[in-house]
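Enquirer:
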């Protein structure tokens, strides 16, 4: 299966003010809408300008079109 080579960072703010980072394996133009489709209504999103290097995006093992919350360990 093909893996994503382009992953964008999206800042999500919940309705109680918590800030989360989400990953979107989409084009830059589709990243915000893709994350909005995955989160509850009323939460807000903003694109983080920093872009992941191709090798870092590949290491995330995401499929094209996939979005997920980034959990810091």
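Residue numbers (the numbering used here): 1181 to 1253.
Quick reminder that beta carbons are idealized off the backbone N, C-alpha and C, glycines included.
Bear in mind the structure is a predicted one, so any value in this text is a computation, not a measurement.
Give the DSSP-derived three-state secondary structure of residue 1240 in the structure shown.
Expert: coil
Enquirer: Start and end of the beta strand (DSSP E) containing residue 1204?
Expert: 1199 to 1204
Enquirer: Considering just the uninterrupted stretch of the beta strand (DSSP E) at residue 1187, what are its terminal residues?
Expert: Careful: residue 1187 lies outside any beta strand (DSSP E) and carries neither H nor E.
Enquirer: Grab me the residues of residue 1193's own chain with a C-beta within less than 7 Å of its C-beta, minus the 5 sequence neighbours each way, in chain order.
Expert: Setting aside the 5 residues that flank it on each side, residue 1193 is surrounded in the same chain by 1199, 1223, 1224, each with a C-beta closer than 7 Å to its C-beta; the list follows chain order.
Enquirer: Would you give the residue range spanned by the alpha helix (DSSP H) that residue 1216 belongs to?
Expert: 1208 to 1218
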